[in-house]
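Those sequence lines, one after another, are chains L and V.
The working numbering puts the first sequence at residues 2 to 327.
The working numbering puts the second sequence at residues 1393 to 1760.
Taking it in order: structure first as structure tokens, then the write-up.
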Amino acid sequence: MAKMTMVQALNLALKQEMAKDDSVIVLGEDVGVDGGVFRVTDGLINQFGQDRVLDTPLAESGIVGMSIGMAVYGLKPVCEIQFSGFSYQNFHQIENHAARLRLRSRGRYNVPMVLRTPYGGGVRALEHHSESRETFWAHMPGIKMVIPSGPRNARALLVSAIRDPDPVIFYESKALYRAFREEVPEEEETMPIGKPRIAQEGKDLTLISYGAMMRPTLEAAAGLKEKDGVEAEVIDLLTVSPLDDEIFVQSVLKTGRAVVIHEAPRSFGPGAEIVSRLMEKAFYYLEVPIERVTGYDIIIPLFSREKAYLPNAQRIIRAARKALSN
Amino acid sequence: MPRNTINIPDKIEYLSILNEKGELDAGLEPDIPEELLLKLHRALLLSRKFDERLLNLQRQGRIGTFPPINGQEAAQLGAVALLRPSDWMVPAFRETAAEIWRGRSLESVIIYNNGYSEGAEIPQDLNNLPISVPVGSQILHAVGLGWAAKYRQTDDVAMTFFGDGATSEGDFHEGLNFAGVFQAPVIFVCQNNHWAISLPVAKQTRSKTLAQKALAYGMPGIQVDGNDILAVYAAAKEAVDRARADQGPTLIECVTYRMAVHTTADDPKRYRTEKEVDKWRKRDPIVRFQKYLVDKGLLSEDKIAGIESEVLEVIQAAVDGAEEKMKALGDPIDMFEHAYAEMPAYLKEQKEAFVTEVAEMTEEGDHG
Ligand SMILES: Cc1ncc(C[n+]2csc(CCOP(=O)(O)OP(=O)(O)O)c2C)c(N)n1
Ligand SMILES: [Mg+2]
């Protein structure tokens, strides 16, 4: 097993799937010769040629619309939108077509495409490069919204996403791209889409998060253990939609206390849905109101102030202590 | 007869007045007052030197990622010089020279590039839009501004800038089509700097020129040597005059070159050769214009040196001024401002909670 960054692990997933299946096509801006602005597609064009790795003109609607056509034909396009902040240029292609071709054709067609795109703050990026807008896609029936939290699950989930018969929006955290390394096995590994995982077991309180926020969440869990002797159970959603609530509902039935953490703005964010599910399925077991630690309901500020916007371990610990009172 | 020929314009003009050796086509020389020529020259030098300084600041970690403009100064200044203050300037993100010409302070550029939104604030008396990072998206705003100026019966115009890559976006095509249909007074200035990050313009489009795309939308298109400020000025003058006279929009393709990195996060060695860059170094827009002005007797080596040291002083003062100002900009509470005309109640609650939380966390120390 090699220790890999998330960039390297995603690259491995693409290489192996492309080698295995010639219907897998990579396309997007700067994904070929340049290897992608974050180098996730590095080396693919040399190995697989320019018919399988398409450096496209600068047009997101073009990239996604063409991917839909390829997918309907039976190929498995994996397109890259350079930053999620520019995926609104292809919003209508996802909402009007990718999400509903299966339904509109009553199953005759499906759209087995993956849209990979970097999201989130914390890397001192330019305007429009730091938002966390998973809600847009999670809100679309027919779309799967996946957000890995580390190199190993990123690799396994990307393989599963490519093989999935339905369209998957695959958010990659820029803050995690090179943040740490993990052992990633050379041999094939997949992970089910639509299944959260228990990142850490505990009995006193449930912390629910995903993506880049898993790091401060785990840090907070460690802090709570060390300072307060509290054992937090930490849930990593991995798939935001379709949201599988079984694991976190089970956890809260046990702990009676929950904090939801995401960097997306608070109102109408994934936290709102998670809290609703808990109200529906675990209400009588709740000891205290559920806490949310989220981005604020504003556009994430330019980089000199972004730290103040992003949830951190300290904020999570404070919310957890509130959820532990009474 | 099923197969008739429909005649449409099928030729695009290429305009060059001052070639790369600094030789002038006197017959085409635009009539530019001496004062303006000298003002343009200083602006070219200021933008070049400022760009170099920004790169330097970025490498030292004193500002964040930014897109250098080196090599594209003439393409911007030759066009923007035609605007009156009441006209509208709608930039993409690589138009620092044009923005400075239009009154943006050097300090604000530094402050913005160091991640403070205060640097994006636009003074009340300047009709400039803020930079637009989503490629091509600003083009349509220029159409709306131009149309509004016409609706209000002014003869103001809107000028928008964008790159070769932007011509692939739907927004570009919609913008040109709308401007054609509504005969909006808009000047579309495309800086074809040959690259959209790693994609060369030849892979961006099969069209021989970008200018010809104007023809499909029923407006004139012209290609000019974008490193020749006289050619850019001459083409822009025709376009602005037409727009002011309610004769509709124009597309100007300025053929230039992005001499530096795409942004400071980019590594051009992965996709282009030093040889290609060297070829363009010989076509520098400032060198030839200086020669022209020296030949005209408006400048001398001494005078140029004097202007250089003067602009360097201006730049140094801006760096000092910006760094001084930024000392007072740390407070993150500012991030809650300007979302709405009136702050919604729930946002006020979030803001108050933020203030309390920050105060308490500071007391707790780093990790509670
Ligand atoms: C809609 C959109 N897609 C992608 C990007 C990322 N990006 C920033 S600049 C750029 C290339 C732009 O090329 P061009 O229009 O030629 O302008 P230049 O950078 O050469 O000035 C890309 C792909 C973006 N900012 N906006
Ligand atoms: Mg370009």
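The beta carbon of each residue, even a glycine, is placed where N, CA and C say it ideally should be.
Just so it is clear, the structure is predicted and the values come from calculations on it, not from any experiment.
Is there a C-beta anywhere in chain L that falls below 8 Å from the one on residue i?
{"i": "V:N1506", "result": "yes"}
{"i": "V:T1597", "result": "yes"}
{"i": "V:G1610", "result": "no"}
{"i": "V:L1521", "result": "no"}
{"i": "V:S1509", "result": "yes"}
{"i": "V:V1573", "result": "no"}
{"i": "V:Y1663", "result": "yes"}
{"i": "V:S1590", "result": "yes"}
According to DSSP, is residue i helix, strand or coil?
{"i": "L:M114", "result": "coil"}
{"i": "V:K1413", "result": "coil"}
{"i": "V:K1719", "result": "coil"}
{"i": "L:E232", "result": "coil"}
{"i": "V:S1497", "result": "coil"}
{"i": "L:Y134", "result": "Before going on, a small fix: residue 134 of chain L reads as Arg here, not Tyr. Note: L:R134 maps to coil in three-state DSSP."}
{"i": "V:E1444", "result": "helix"}
{"i": "L:H98", "result": "helix"}
{"i": "L:Y297", "result": "coil"}
{"i": "L:R306", "result": "helix"}
{"i": "V:H1759", "result": "Unreliable positioning characterises V:H1759 in this predicted model, as indicated by a pLDDT of 47, which lies under 50. A coordinate reading is not provided."}
{"i": "L:Q9", "result": "helix"}
{"i": "L:S85", "result": "helix"}
{"i": "L:D167", "result": "coil"}
{"i": "V:T1665", "result": "coil"}
{"i": "L:S326", "result": "coil"}
{"i": "V:P1422", "result": "coil"}
{"i": "L:I209", "result": "strand"}
With a Cβ-Cβ cutoff of 8 Å, do residue i and residue j count as a contact?
{"i": "L:K175", "j": "L:G121", "result": "yes"}
{"i": "V:L1690", "j": "V:E1426", "result": "yes"}
{"i": "L:F181", "j": "V:G1507", "result": "no"}
{"i": "L:V79", "j": "L:V27", "result": "yes"}
{"i": "L:D43", "j": "L:G36", "result": "yes"}
{"i": "V:I1523", "j": "V:G1511", "result": "no"}
{"i": "L:I69", "j": "L:G29", "result": "no"}
{"i": "V:F1553", "j": "V:A1490", "result": "yes"}
{"i": "L:L208", "j": "L:V260", "result": "yes"}
{"i": "V:V1616", "j": "V:V1578", "result": "no"}
{"i": "L:V160", "j": "L:T191", "result": "yes"}
Counting only beta-carbon separations shorter than 8 Å, does residue i have a partner in chain V?
{"i": "L:Y285", "result": "no"}
{"i": "L:E128", "result": "yes"}
{"i": "L:Q90", "result": "yes"}
{"i": "L:P290", "result": "no"}
{"i": "L:V34", "result": "yes"}
{"i": "L:I299", "result": "yes"}
{"i": "L:Y110", "result": "no"}
{"i": "L:L59", "result": "yes"}
{"i": "L:P186", "result": "no"}
{"i": "L:V27", "result": "no"}
{"i": "L:L55", "result": "no"}
Quick check: the Cα distance between residue i and residue j, rounded to an integer number of angstroms?
{"i": "L:E135", "j": "V:K1674", "result": "48 Å"}
{"i": "L:V169", "j": "L:L55", "result": "20 Å"}
{"i": "L:Q51", "j": "L:V41", "result": "16 Å"}
{"i": "V:Y1405", "j": "V:P1641", "result": "Checking the displayed sequence, the identity of residue 1405 of chain V turns out to be Glu instead of Tyr. Near 17 Å, if we compare the C-alpha coordinates of V:P1641 and V:E1405."}
{"i": "V:N1585", "j": "L:V8", "result": "30 Å"}
{"i": "V:D1423", "j": "V:P1736", "result": "55 Å"}
{"i": "L:D167", "j": "L:L116", "result": "11 Å"}
{"i": "V:H1759", "j": "V:R1445", "result": "Any answer about V:H1759 is weak, because its pLDDT of 47 lies below 50 and its placement is not dependable; what the coordinates show is given next. Going from the Cα of V:H1759 to the Cα of V:R1445 covers about 39 Å."}
{"i": "L:S252", "j": "V:I1589", "result": "47 Å"}
{"i": "V:L1469", "j": "V:Y1649", "result": "15 Å"}
{"i": "V:W1493", "j": "V:I1678", "result": "16 Å"}
{"i": "L:S62", "j": "V:P1724", "result": "35 Å"}
{"i": "V:K1671", "j": "V:K1413", "result": "13 Å"}
{"i": "V:A1637", "j": "V:G1562", "result": "28 Å"}
{"i": "V:V1581", "j": "V:M1551", "result": "7 Å"}
{"i": "V:L1498", "j": "V:A1710", "result": "6 Å"}
{"i": "L:S210", "j": "V:L1607", "result": "53 Å"}
{"i": "L:D298", "j": "L:S326", "result": "27 Å"}
{"i": "V:E1715", "j": "V:R1451", "result": "16 Å"}
{"i": "L:V241", "j": "L:G270", "result": "11 Å"}
Under 7 Å from any heavy atom of ligand 4, does the C-beta of residue i make it?
{"i": "L:N154", "result": "Of the ligands one can find in the structure shown, namely ligand 1 and ligand 2, none is ligand 4."}
Unbroken alpha helix (DSSP H) runs of length 4 or more, entirely within the stretch 32–65 of chain L: which are they? Every alpha helix (DSSP H) stretch that sits fully inside the stretch 32–65 of chain L and reaches 4 residues is listed by chain position as 45–49.
Which residue spans inside the stretch 1532–1580 of chain V form an unbroken beta strand (DSSP E) run of at least 3? Taken in chain order, the unbroken stretches of beta strand (DSSP E) that lie wholly in the stretch 1532–1580 of chain V and span 3 residues or more are 1550–1555.
Every unbroken alpha helix (DSSP H) inside the stretch 1448–1503 of chain V [4 residues or more]: DSSP assignment within the stretch 1448–1503 of chain V yields the following whole alpha helix (DSSP H) runs of 4 residues or more, N-terminal first: 1465–1472 and 1488–1493.
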